[in-house]
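Be aware that the sequence shown starts at 68, since it is given in this note's numbering, and climbs by one per residue.
Glycine included, each C-beta is placed from N, C-alpha and C at the ideal position.
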Amino acid sequence: MAVAAQSDVVFSIVGYPSDVRHVLLHPSSGALSGLRPGGVLVDMTTSEPSLAVEIHSAAAALSCSSVDAPVSGGDRGAKNASLSIFAGGDGPTVRRLAPVFSLLGRVNYMGGPGKGQFAKLANQITIASTMVGLIEGLIYAHKAGLDLSLYLDAISTGAAGSKSLDLYGSRILKRDFEAGFFVNHFVKDLGICLKECENMGLALPGLALAQQLYLSLKAHGEGDLGTQALILALERLNNVSLEKA
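Here it is in structure tokens:
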């Protein structure tokens, strides 16, 4: 609240929707309670679209604005200022913040309040199945006796190439599971996706499968590893290890 009272724009990025609610909307210590009229809250946490709409309404009631602006790109995107930013809120407010967003990456205006969150959740659904495909391909290539470095290089320029492969392929082969994005947070994101799918009457089996595999990592105490640690779940399932390749 003290920081908000001295700021025109307040950015937040925390772990879970409950954290977002506490940091921004708590009646005595939340950022909104300290923000001056005309101020803007920008929440970059991947969170619930309905909460983004709630924050927008609460801000408007105090003559302030809010933008939901979750990001994608992992640790490398943050370090290289190449994040993809999904912005939801009032168009003029998002455009006014464009110079600030440009310091972090590329802003994509998705529509009104909550639309940034919906876009990020769709992004996570896409990544979930992409990661499962990447890992299953590696397990299959290993079992077939292929050189995995040559295999990844070969598919990188074809239809199977992806940002996930670029970010995590070599890390997986090096057994580098340091988190660019935590398993715990991905499980949170996929849980929100499944909740939204239920609200929409959607059945997305690839998303559900990915969530179960990532939950198995949490069950093995691997929630603080990066999402590329999914290889560990598939190795256990198939009683193989790429480490011994």
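Item	Value
Could you spell out the range, first to last residue, of the beta strand (DSSP E) harbouring residue 176?	172 to 178
Does residue 132 pass the burial test, meaning 16 or more other C-beta atoms within 10 Å, or should it be called exposed?	buried
Buried or exposed for residue 177, going by 16 or more other Cβ atoms inside 10 Å?	buried
Would you call the segment 189 to 209 and the segment 224 to 236 in contact, with 3 or more CB pairs under 8 Å?	yes
Taking the alpha carbon of residue 245 as the point to measure from, which residue in 86, 143 and 90 has its own alpha carbon closest?	143
Excluding five sequence neighbours on each side, which residues of the same chain lie with their C-beta closer than 8 Å to the C-beta of residue 232?	201, 219, 222 and 223
Does the beta-carbon of residue 279 have 16 or more other beta-carbons within 10 angstroms, so that it is buried, or is it exposed?	exposed
How many Å lie between residue 251 and residue 100 at the Cα?	30 Å
Fully enclosed by the segment 87 to 170, which alpha helix (DSSP H) runs are 4 residues long or longer?	98 to 101, 116 to 128, 141 to 146, 158 to 163 and 165 to 168
In this structure, does DSSP put residue 293 in helix, strand or coil?	strand
Return the Cβ separation of residue 110 and residue 129 in integer angstroms, given the expectation that the two are a contact with Cβ distance under 8 Å.	About 16 Å separates the two Cβ atoms, so there is no contact after all.
I want to know whether the segment 300 to 309 touches the segment 250 to 265 - three or more CB-CB distances under 8 Å.	no
Which same chain residues end up closer than 7 Å to residue 145 when comparing Cβ atoms and leaving out the 5 residues on each side of it in sequence?	none
Name the residue from 171, 190 and 183 whose alpha carbon lies nearest to the alpha carbon of residue 153.	183
Is it the case that the Cβ atoms of residue 172 and residue 248 are separated by a distance below 8 Å?	no
How many Å lie between residue 126 and residue 187 at the Cα?	22 Å
Please report the straight-line C-alpha distance between residue 120 and residue 213, rounded to a whole angstrom.	50 Å
Suppose the cutoff is 7 Å on Cβ atoms and the five residues either side in sequence are ignored; what does the same chain contact list for residue 118 look like?	84, 87 and 88
I need the boundaries of the alpha helix (DSSP H) containing residue 249, first residue and last residue.	Where residue 249 is concerned, there is no enclosing alpha helix (DSSP H), given that its DSSP letter is neither H nor E.
Distance check for residue 253 and residue 122, CA to CA, integer angstroms please.	23 Å
Rounded to the nearest angstrom, what separates residue 273 and residue 74 at their Cα positions?	43 Å
Could you tell me the alpha carbon to alpha carbon distance between residue 165 and residue 108, rounded to whole angstroms?	14 Å
Here's the rule: buried if 16 or more other CB atoms are within 10 angstroms of the residue's CB, otherwise exposed. What is residue 93?	exposed
Residue 223 lies in the alpha helix (DSSP H); which residues open and close that run?	215 to 223
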